[in-house]
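Colleague: One structure coming up, written as structure tokens, with questions to follow.
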Amino acid sequence: MKSVQHNIISITILCLLVLQSYAQKKQQLHVVLEYPEKTEEEVIQSDSSKMGALVDNILQDLRSEGHLTAHLKSYASKNNISKAVIQVGQKYYLAILSTGNLPAEIQKEVGFKEKSMMGKPMEYPRINRVLERIIDVSEQNGLPFASARLDSIKFQDSLVSLQINYRPGPFIEFDSISVEGNLNVKKGFLMSYLGIIPEEPYNQKLVDRVAKQLAQLRYIEIVEQPYVRFFENKATLQLNLNKRKVNRIDGLLGVLPNQAAGNNILINGYVNLNLYNLFASGKHLLIDWRKTDNLSQFLDVVYEHPNFLKSPLGWGFALDLLKQDTSFLNTNIALDIFTNFSGGHRFNAGIDFEGSRLIATSRFEGDTVLPDAFDYDINYYRIGYESNQLNDVLFPSGGSYWNLQLEVGQKNIRKNQIFDEQAYDGLALENTQLRWKADVEQYVPVARRMVIKAGGHAGMLLSDQLFQNELFRLGGLNTIRGFPELSIFATDYVYGNVEFRYLLERTSMIYAFVDAGYINEKWQQSENSDTPFSAGIGLELDTKNGIFTFIYALGQSKFQPFSLNFSNIHFGYTSRF
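Shown next, in the form of structure tokens:
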């Protein structure tokens with residue numbers, strides 16, 4: 138019997154709670170606004186628990202619009218209907234906001250003039266913005282302890298006169314930085330990179346962006362959030378930084394008998410060396426050599442020198458060599474100047490010296506028709522923009538990355554004496570060429586351990602005449618997986634990558650991916666379009682001293698069926714130090 142009674146009571150309480158919740162949703166608030174010249178009324182639907190907050194918000198809005206004396210006249214509630222009567226009062230206007238003792242140089246940088254606000258409604262948000270701007274300007278000019286408030290408040294009818302009372306506080310200069318932790322980095326480089334210059338006025342804006350700037354350096358682990366220590370009108374930036382294992386070296390060298398060339402040997406393999414923070418000064422060196430098949434290989438060398446001579450500018454050098462079997466050899470030497478801005482932004486400008494030469498040309502002797510490739514030189518002038526908003530530059534789980542590059546140059550076709558002169562009939566030996574590339578990546582966390590990576594990539598070559606050896610090269614682990622490295626030629630392309638990642642830990646994951654795109658190959662002797670597609674799975678396992686990688690991919694195009702016979706498997710171990 139007691140059990141039945143308990144059940145009845147429980148059901149009754151549950152029904153009452155449901156009814157109460159339903160009643161709260163049906164609560165009405167009638168707001169009566171009594172202006173000096175009129176009365177307005179509005180009805181707001183809400184639950185009873187929010188009625189007080191609604192009335193407070195209405196009063197705050199009225200006061201911020203210049204109705205300084207707005208107040209609640211009466212409030213009553215009956216039968217799920219509440220009524221609030223608000224005495225709005227007259228609207229006040231600003232007679233003058235006097236600069237008071239605010240220094241002229243601060244006034245100028247703030248851009249504030251006394252007459253600019255005369256006769257305008259007495260709106261708190263607008264005045265607060267002026268005061269906040271005064272503080273911001275002061276903090277950026279050596280006055281981190283400055284204060285600004287209003288005093289000498291006078292009323293005359295509906296007009297209000299105010300005056301700014303400014304207290305600058307002590308003038309502070311930057312002294313130096315103090316670095317704790319096991320990171321080996323030159324203090325001079327770090328100060329130049331962060332914009333901290335001794336004896337320059339303290340700048341809070343520089344300090345506020347320090348953590349984000351440090352996060353852009355992949356070889357740094359921030360142990361503790363940066364802070365400032367003030368002593369005797371000097372400011373010292375305190376940093377606690379550890380070294381992050383980002384330097385990589387891995388390689389594979391195979392020596393095999395070359396049956397096609399008698400007793401000679403065949404060397405295949407790859408070498409990858411990626412070093413950061415060289416000489417403890419932030420420099421970067423990359424050397425990447427790969428032999429993709431018996432006759433083809435490429436070499437990439439990249440060097441970056443940030444904050445050259447302690448300036449905001451850095452410079453870079455790149456060398457790219459690509460040997461395509463016995464067809465041609467491409468060379469590209471790039472020189473760059475770049476500067477980093479706060480918030481992960483970089484602008485660059487540079488010049489590329491690009492050229493291509495045919496090899497094994499004896500087979501073409503006397504030909505009157507050019508092959509797929511030809512000899513040319515072109516100097517590209519380049520500008521670019523890069524934005525890195527990733528939450529971790531090494532193992533991102535959120536944020537975005539953008540890279541846009543635009544190049545224009547004058548191409549010169551070099552006549553090769555091996556061909557008959559007729560082979561060059563109808564060709565313009567000089568013409569202008571445009572090339573652009575865009576890469577975008579977005580990382581979206583969808584659960585505690587799940588992240589979706591979405592990437593979009595596009596590029597285009599614009600010229601009156603193109604040959605195969607100057608086209609974009611796609612395919613492989615870094616572009617469209619499931620195809621041999623650099624096996625896809627394109628004059629213009631667009632493709633996307635989507636990865637569904639499950640994080641085993643912050644630096645290890647398993648994932649499934651899909652790559653798909655549209656490729657257009659249009660040059661002097663060929664016109665073709667294709668829609669390559671690939672799918673697969675991958676694993677990245679972070680060990681104590683390196684990363685184990687496994688990727689299995691299947692690709693499909695006009696020239697490759699979606700078949701296990703054409704699957705691509707990549708696995709390896711990359712040492713980190």
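Just so you know, we're using the working numbering here: the sequence shown kicks off at 138 and counts up by one. Each residue gets a CB set at the ideal place from its N, CA and C atoms; glycine is no exception. Keep in mind that this is a model prediction, so the values were computed, not measured.
1. Could you name the residues of the same chain whose beta carbon sits closer than 6 Å to that of Ala455, not counting the 5 residues immediately before and after it, in chain order?
2. Rounded to whole angstroms, what is the Cα-Cα separation between Ile515 and Glu523?
3. Which residues in the same chain have their Cβ closer than 6 Å to the Cβ of Val635, if we skip the five residues on either side of it in sequence?
4. Going by DSSP, name the residue or residues bridged to Glu269.
5. Helix or strand or just coil, what does DSSP make of Met254?
6. Take Asp629 as the anchor and find which of Ser464, Arg618 and Trp573 has the nearest alpha-carbon.
7. Any idea which residues DSSP pairs Ala352 with across the strands?
8. Going by other Cβ atoms of all chains shown within 10 Å of its Cβ, with 16 needed for buried, is Arg427 buried or exposed?
9. Helix, strand or coil: how does DSSP classify Val276 here?
10. When the Cα of Glu171 is compared with those of Ser313, Leu676 and Leu196, which residue comes out closest?
11. Cα separation between Val297 and Pro258?
12. Can you tell me which residues form a DSSP beta bridge with Asn665?
13. If I follow the unbroken beta strand (DSSP E) through Val192, where does it start and stop?
14. In whole angstroms, give me the CA-to-CA distance for Gly546 and Glu336.
15. In whole angstroms, what is the alpha-carbon distance linking Glu358 and Asn379?
16. Quick one: complete beta strand (DSSP E) runs, 3+ long, within the segment 673 to 713?
17. So, is Asn601 buried or exposed, given that buried needs 16 or more other C-beta atoms within 10 angstroms?
18. With distances taken Cα to Cα, identify the nearest neighbour of Gly535 among Gly692, Gln526 and Leu543.
19. Between Gln602 and the ligand ADP, is there a pair consisting of the residue's CB and a ligand heavy atom that are separated by less than 7 Å?
20. In this structure, does DSSP put Ala241 in helix, strand or coil?
21. Does the distance from the CB of Asn657 to the CB of Ala627 come in under 8 Å?
22. Since I believe Phe604 is in contact with Trp539 (beta carbons under 8 Å), could you give me their beta-carbon distance rounded to a whole number of angstroms?
23. Taking the beta carbon of Lys548 as the centre, do at least 16 other beta carbons fall within 10 Å, making it buried, or is it exposed?
24. Can you look up Thr498 in the DSSP assignment and give me helix, strand or coil?
25. Does the distance from the C-beta atom of Leu423 to that of Leu415 stay below 8 Å?
26. Give every residue of the same chain whose Cβ lies closer than 8 Å to the Cβ of Pro262, excluding the five residues on either side of it in the sequence, and list them in chain order.
27. List the endpoints of the continuous beta strand (DSSP E) containing Asp576.
28. Kindly indicate which three-state DSSP category Glu441 falls into: helix, strand or coil?
29. Decide if Met255 is buried, meaning its Cβ has at least 16 other Cβ atoms within 10 Å, or exposed.
30. Rounded to whole angstroms, what is the Cα-Cα separation between Leu231 and Arg585?
Modeller: Walking through what the data contain:
1. In the sequence shown, residue 455 corresponds to position 318, counting from 1. If we look at Ala455 and ignore the five residues flanking it on each side, its Cβ neighbours are Val439 and Ala471.
2. Residue 515 sits at position 378 when you count from the first residue of the sequence shown. Residue 523 sits at position 386 when you count from the first residue of the sequence shown. Going from the Cα of Ile515 to the Cα of Glu523 covers about 24 Å.
3. Translated into the one-based positions of the sequence shown, residue 635 becomes position 498. Cβ within range, chain order: Ala591 and Val651.
4. Mapped onto the sequence shown, residue 269 falls at position 132. The partner list for Glu269 (beta bridge, DSSP) is empty, contrary to what the question assumes.
5. Along the sequence shown, read from residue 1 onward, the residue named residue 254 stands at position 117. Of the three classes helix, strand and coil, the one that applies to Met254 here is helix, per DSSP.
6. Position 492 of the sequence shown, counting from 1, holds the residue named residue 629. Comparing alpha carbon positions, the residue from Ser464, Arg618 and Trp573 closest to Asp629 is Trp573.
7. Along the sequence shown, one-based indexing puts residue 352 at 215. For Ala352, DSSP records no beta bridge to any residue.
8. In the sequence shown, residue 427 corresponds to position 290, counting from 1. Buried: at least 16 other Cβ atoms inside 10 Å.
9. Along the sequence shown, read from residue 1 onward, the residue named residue 276 stands at position 139. First, the residue type needs correcting, since residue 276 is Glu and not Val in the sequence shown. In this structure, Glu276 counts as helix in the three-state DSSP scheme.
10. As a position in the sequence shown, residue 171 is number 34, starting the count at 1. Measuring from the Cα of Glu171, the nearest candidate turns out to be Leu196.
11. Working through the sequence shown from its first residue, we reach residue 297 at position 160. Working through the sequence shown from its first residue, we reach residue 258 at position 121. Distance between the alpha carbons of Val297 and Pro258 is about 10 Å.
12. Working through the sequence shown from its first residue, we reach residue 665 at position 528. Answer is Glu658, bridged to Asn665.
13. Here residue 192 refers to the residue found at position 55 of the sequence shown. Here Val192 belongs to no beta strand (DSSP E); instead the alpha helix (DSSP H) covers Met188 to Ser201.
14. Counted from its first residue, the sequence shown places residue 546 at position 409. Counted from its first residue, the sequence shown places residue 336 at position 199. If I take the Cα positions, the gap works out to 45 Å.
15. Locating residue 358 in the sequence shown gives position 221, counting from the first residue. Locating residue 379 in the sequence shown gives position 242, counting from the first residue. The straight-line gap from Cα to Cα measures roughly 5 Å.
16. Every beta strand (DSSP E) stretch that sits fully inside the segment 673 to 713 and reaches 3 residues is listed by chain position as 683 to 693 and 705 to 713.
17. Start at 1 with the first residue of the sequence shown, and residue 601 comes out as number 464. Note that residue 601 corresponds to Asp in the displayed sequence, not to Asn. Its Cβ having fewer than 16 others within 10 Å, Asp601 is exposed.
18. For the purposes of this step, residue 535 is taken as residue 398 along the sequence shown, with counting starting at 1. Looking from the CA of Gly535, the closest CA among Gly692, Gln526 and Leu543 belongs to Gln526.
19. Looking at this structure, you won't find the ligand ADP or any other ligand, since it has none at all.
20. Here residue 241 is taken as the residue at index 104 of the sequence shown, counted from 1. Under the three-state reduction of DSSP output, Ala241 falls in the helix class.
21. As a working note, residue 657 is residue 520 in the sequence shown. As a working note, residue 627 is residue 490 in the sequence shown. Yes. Within cutoff.
22. The residue you call residue 539 lines up with position 402 of the sequence shown. The residue you call residue 604 lines up with position 467 of the sequence shown. Contact flag wrong, Cβ pair sits at about 31 Å.
23. As a working mapping, residue 548 is identified with position 411 in the sequence shown. It counts as buried.
24. Start at 1 with the first residue of the sequence shown, and residue 498 comes out as number 361. Under the three-state reduction of DSSP output, Thr498 falls in the helix class.
25. Taking the sequence shown and counting its residues from 1, one reaches residue 423 at position 286. Taking the sequence shown and counting its residues from 1, one reaches residue 415 at position 278. No, the pair does not count as a contact, with Cβ atoms beyond the cut-off.
26. Indexing the sequence shown from 1 puts residue 262 at position 125. For Pro262, where only same-chain residues beyond five positions count, the Cβ hits under 8 Å are Ser201.
27. The residue labelled residue 576 in the question sits at position 439 within the sequence shown. Annotation: the continuous beta strand (DSSP E) that includes Asp576 extends over Glu567 to Pro582.
28. To locate residue 441, count along the sequence shown from 1; it is residue 304. Assignment of Glu441 by DSSP, reduced to helix, strand and coil, places it in the strand class.
29. Stepping through the sequence shown from its first residue, residue 255 is reached at position 118. Taking a 10 Å sphere around the C-beta of Met255, we find fewer than 16 other C-beta atoms and assign the residue as exposed.
30. Taking the first residue of the sequence shown as position 1, residue 231 is located at position 94. Taking the first residue of the sequence shown as position 1, residue 585 is located at position 448. Each residue's alpha carbon lies about 52 Å from the other.
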